[in-house]
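Presented below is the structure to which this report refers.
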Amino acid sequence: MTEVETLVLWYCNKLTDAAITNLSALTKLQSIDLASCSKLTDACLSAFLSMPNLTSLDLGNCCLLTDEGMSTLGKVTSLTSLNLSECGEITDAGLTHLATLVNLTTINLWYCAKVTKAGVDLLPVQSVDY
């Protein structure tokens, strides 16, 4: 299973941070879709640090993610596409951590009510949906 490049786990409401942490051995992953996995918190995000090929990450509607987790995501410099739509606890302060993602070309921040244009302007991306 270490050769897996794409992983889709939509709406896995019982998926835990520990399960995601166990994915850190999948170093060839390029794309992960965890949209609407409602139990995931900032604690799982460090798993992505060991995935040098990860370019696409969908965490849409993972509403327990916060600004603290964005400081971890800001270290996943291989990301080119990031979906944080409906992650309502993320603020402009969290987006400052994502300014380090120089390869990021697309980010989705739909329904992130605490994000403003000022925060979005900090991001080094070509396409922002919010």
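If you're matching positions, the sequence shown starts at 13 in my numbering and goes up one per residue.
The beta-carbon is built from N, C-alpha and C at its ideal position, and this holds for glycine as well.
Short of 8 Å in beta carbon distance, which residues of its chain neighbour residue i, apart from the five on each side in sequence? Order them along the chain.
{"i": "Thr-128", "result": "Asp-104"}
{"i": "Lys-26", "result": "Lys-51"}
{"i": "Thr-92", "result": "Thr-67, Ser-68, Asn-115, Leu-116, Thr-117, Thr-118"}
In angstroms, rounded to a whole number, what distance separates the CA positions of residue i and residue j?
{"i": "Ala-47", "j": "Glu-98", "result": "10 Å"}
{"i": "Thr-39", "j": "Tyr-123", "result": "31 Å"}
{"i": "Thr-117", "j": "Val-137", "result": "5 Å"}
{"i": "Thr-28", "j": "Cys-75", "result": "14 Å"}
{"i": "Ala-37", "j": "Asn-115", "result": "23 Å"}
{"i": "Glu-17", "j": "Met-63", "result": "10 Å"}
{"i": "Ser-90", "j": "Leu-57", "result": "14 Å"}
{"i": "Leu-113", "j": "Leu-77", "result": "18 Å"}
{"i": "Leu-61", "j": "Glu-101", "result": "22 Å"}
Nearest by alpha-carbon distance to residue i: which of the options is it?
{"i": "Leu-21", "options": "Thr-39, Ser-43, Ser-36", "result": "Ser-43"}
{"i": "Met-13", "options": "Asn-95, Asn-34, Ser-93", "result": "Asn-34"}
{"i": "Ala-55", "options": "Glu-15, Tyr-142, Ile-32", "result": "Ile-32"}
{"i": "Leu-41", "options": "Leu-19, Ala-111, Asp-70", "result": "Leu-19"}
Got a sec? Which residues, its chain only, sit under 6 Å from residue i by beta carbon, not counting five neighbours each side?
{"i": "His-109", "result": "Met-82, Ser-83, Gly-86"}
{"i": "Val-140", "result": "Ile-119, Val-132"}
Let me confirm a value: residue i is counted as buried when at least 16 other C-beta atoms fall within 10 Å, else exposed. Which label applies?
{"i": "Leu-134", "result": "exposed"}
{"i": "Ala-59", "result": "buried"}
{"i": "Asn-95", "result": "buried"}
{"i": "Asn-73", "result": "buried"}
{"i": "Val-88", "result": "buried"}
For residue i, list the residues DSSP reports as bridge partners.
{"i": "Ser-97", "result": "Paired residue(s): none; Ser-97 is not in a bridge."}
{"i": "Asp-141", "result": "Asn-120"}
Only counting the same chain, and skipping five residues up and downstream in sequence, which positions put a Cβ closer than 7 Å to that of residue i?
{"i": "Asp-165", "result": "The question about residue 165 has no answer, for the chain in this structure spans 13 to 142."}
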